[in-house]
């Protein structure tokens, strides 16, 4: 249901998934910290929001917690619009690695929206290491949780 | 004196220039808004700082003014360290284009520092259009002004 693809010509990961949601609901799912914390990341982990200022020019930091393990992520919001978010993303244990992420919310009508997400890195090695890290589990689990929130009317 | 190169394998522009300066001076030149406005951009233009919060998680907006022409640029600061700045960059007339910029200040000893700057875009077309836009004039003029400020003890 979720497509995760490596671009052959540029160091980009592309993720596509359709949701039974409006663009406004998907925007809220990515900008409201309490909603975001309820779906992001793999099953078995929970998310603690450390800092969250989801507006153009703002920034964020959150921590994924599972048992004794903590994984912190942070970045800044370059642009937040009704149909698009552009933000930076760093896993703090590898502070020199920075991805530029773009999310598009494409209204398909009849209450469905296509989420397209793109992560741009500056090397193919960095991109491929990220793909091999098990990110697909987190992405798939997260979107399944988001779908559940949507179907329960939480957004 | 300034090297401006297109990477053959990733959509990156790399700029390299050595300055008679310390890393701390180059950091200041890129983070102090009054200093930044005094050197950035081509000769014959001046720079108006509209918003400036040069810290990790902050953001900026400035306008290059020449006669009746105004060119606005904005972005967010992903990371500001003693030897590295990571920030986003958009020319507002083309709001969908976003570059992820990294600047490194490499201490060469004997009072010299190598500035390496990298602009990462998500397509080769976008990268090449930016290279053809005359950006080299702005880069070269700007760094010459920065060198003059350094030699006059302004930093």
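Residue numbers (this note's numbering), protein chains in the order written: chain B, 87 to 241; chain X, 87 to 241. In this text, a Cβ means the ideal position worked out from N, Cα and C, and glycines have one as well. In this text, all values refer to a predicted model and were calculated from it rather than measured experimentally.
### Message
Just to confirm my understanding: we take residue 210 (chain X), look at its own chain, exclude 5 residues before and 5 after, and list those with CB closer than 7 Å. What are they?
### Response
Your numbering for residue 210 (chain X) matches position 124 in the second chain. Within its own chain, the residues whose Cβ lies closer than 7 Å to the Cβ of residue 210 (chain X), once the five positions on either side in sequence are excluded, are 97, listed in chain order.
### Task
Measure the beta-carbon distance from residue 88 (chain X) to residue 101 (chain X) and round it to whole angstroms, keeping in mind my assumption that it falls under 8 Å.
To locate residue 88 (chain X), count along the second chain from 1; it is residue 2. To locate residue 101 (chain X), count along the second chain from 1; it is residue 15. With 8 Å as the limit, residue 88 (chain X) and residue 101 (chain X) qualify as a contact, their Cβ atoms being about 6 Å apart.
#### Entry: Three or more C-beta pairs below 8 Å linking the segment 230–239 of chain B and the segment 197–205 of chain X
Contact fails: fewer than three Cβ-Cβ distances are below 8 Å.
### Query
Grouping DSSP H, G and I as helix and E and B as strand, with all else coil, what is residue 92 (chain X)?
Within the second chain, residue 92 (chain X) is the residue found at index 6, counting from 1. Three-state result, residue 92 (chain X): strand.
#### Entry: Cutoff 8 Å; reference residue 174 (chain B); Cβ partners in own chain excluding five residues on either side
Position 88 of the first chain, counted from the first residue, corresponds to residue 174 (chain B). Around residue 174 (chain B): 161, 162, 164, 184, 185, 186 and 187.
#### Entry: Among B:140, B:143, B:147 and B:139, nearest to residue 133 (chain B) - alpha-carbon criterion
Position 47 of the first chain, counting from 1, holds the residue named residue 133 (chain B). When each option's Cα is compared against that of residue 133 (chain B), the closest is B:147.
### Query
Is residue 230 (chain X) helix, strand or coil by DSSP?
What you label residue 230 (chain X) is simply residue 144 of the second chain in a count that begins at 1. Looking at residue 230 (chain X) - three-state DSSP - the assignment turns out to be helix.
### Query
In terms of residues, what are the limits of the alpha helix (DSSP H) holding residue 117 (chain B)?
Along the first chain, one-based indexing puts residue 117 (chain B) at 31. Looking at the DSSP string, the run of the alpha helix (DSSP H) that includes residue 117 (chain B) is 109–117.
### Task
Give the range of the alpha helix (DSSP H) segment to which residue 213 (chain B) is assigned.
Here the question's residue 213 (chain B) lines up with position 127 in the first chain. From DSSP, the alpha helix (DSSP H) with residue 213 (chain B) extends over 210–218.
### Query
Name the chain X residues that come within less than 7 Å of residue 98 (chain B), Cβ to Cβ?
For the purposes of this step, residue 98 (chain B) is taken as residue 12 along the first chain, with counting starting at 1. The contacting residues are 208.
### Task
Whole angstroms is fine: what's the gap from residue 107 (chain X)'s alpha carbon to residue 168 (chain X)'s?
As a working note, residue 107 (chain X) is residue 21 in the second chain. As a working note, residue 168 (chain X) is residue 82 in the second chain. Each residue's Cα considered, the two are about 14 Å apart.
### Query
Should residue 149 (chain B) be flagged as near chain X, meaning a C-beta pair shorter than 8 Å?
Position 63 of the first chain, counted from the start, is the residue given in the question as residue 149 (chain B). No, its Cβ sits nowhere closer than 8 Å to a Cβ of chain X.
### Query
If you draw a straight line from the alpha carbon of residue 137 (chain X) to that of residue 153 (chain B), how long is it in whole angstroms?
Position 51 of the second chain, counting from 1, holds the residue named residue 137 (chain X). Position 67 of the first chain, counting from 1, holds the residue named residue 153 (chain B). Going by the C-alpha atoms only, they are around 42 Å apart.
### Query
Can you name the residues that DSSP bridges to residue 142 (chain B)?
Within the first chain, the letter at position 56 stands for residue 142 (chain B). None; residue 142 (chain B) has no bridge partner.
### Task
Measuring only between beta-carbons, confirm whether residue 201 (chain X) sits less than 8 Å from chain B.
If you number the second chain from 1, residue 201 (chain X) lands on position 115. Output row for residue 201 (chain X): interface = no.
### Query
Can a CB atom of chain X be found closer than 8 Å to the CB of residue 237 (chain B)?
Residue numbering aside, residue 237 (chain B) sits at position 151 when the first chain is read from its first letter. By this cut-off, residue 237 (chain B) is not an interface position.
### Query
Pick from X:182, X:225, X:114 and X:196: whose alpha carbon is nearest that of residue 91 (chain X)?
Indexing the second chain from 1 puts residue 91 (chain X) at position 5. The shortest Cα separation from residue 91 (chain X) among X:182, X:225, X:114 and X:196 belongs to X:225.
### Where the beta strand (DSSP E) through residue 98 (chain B) begins and ends
Taking the first chain and counting its residues from 1, the one referred to as residue 98 (chain B) is at position 12. Run containing residue 98 (chain B): 98–105, per the beta strand (DSSP E) assignment.
### Query
residue 89 (chain X) versus chain B: which residues are under 9 Å apart at the beta carbon?
Working through the second chain from its first residue, we reach residue 89 (chain X) at position 3. The premise fails here: residue 89 (chain X) is roughly 18 Å from chain B at the closest Cβ pair, so nothing lies under 9 Å.
### Bounding residues of the beta strand (DSSP E) (the contiguous stretch that carries residue 164 (chain B))
Within the first chain, the letter at position 78 stands for residue 164 (chain B). Counted as a single uninterrupted DSSP element, the beta strand (DSSP E) harbouring residue 164 (chain B) occupies residues 155–167.
### Query
For residue 190 (chain X), which beta-bridge partners are listed by DSSP?
As a first step, residue 190 (chain X) is located in the second chain; it is residue number 104 there, counting from the start. Within the DSSP secondary-structure output, residue 190 (chain X) pairs in a beta bridge with X:170 and X:202.
### Message
Taking 8 Å as the threshold (beta carbon to beta carbon), is residue 161 (chain B) in contact with chain X?
### Response
In the first chain, the residue the question calls residue 161 (chain B) occupies position 75. Yes, residue 161 (chain B) counts as interfacial toward chain X.
### Sequence-distant residues of the same chain with beta carbon closer than 8 Å to residue 139 (chain B), five excluded per side
In the first chain, the residue the question calls residue 139 (chain B) occupies position 53. Correct list, in chain order: 145, 146 and 163.
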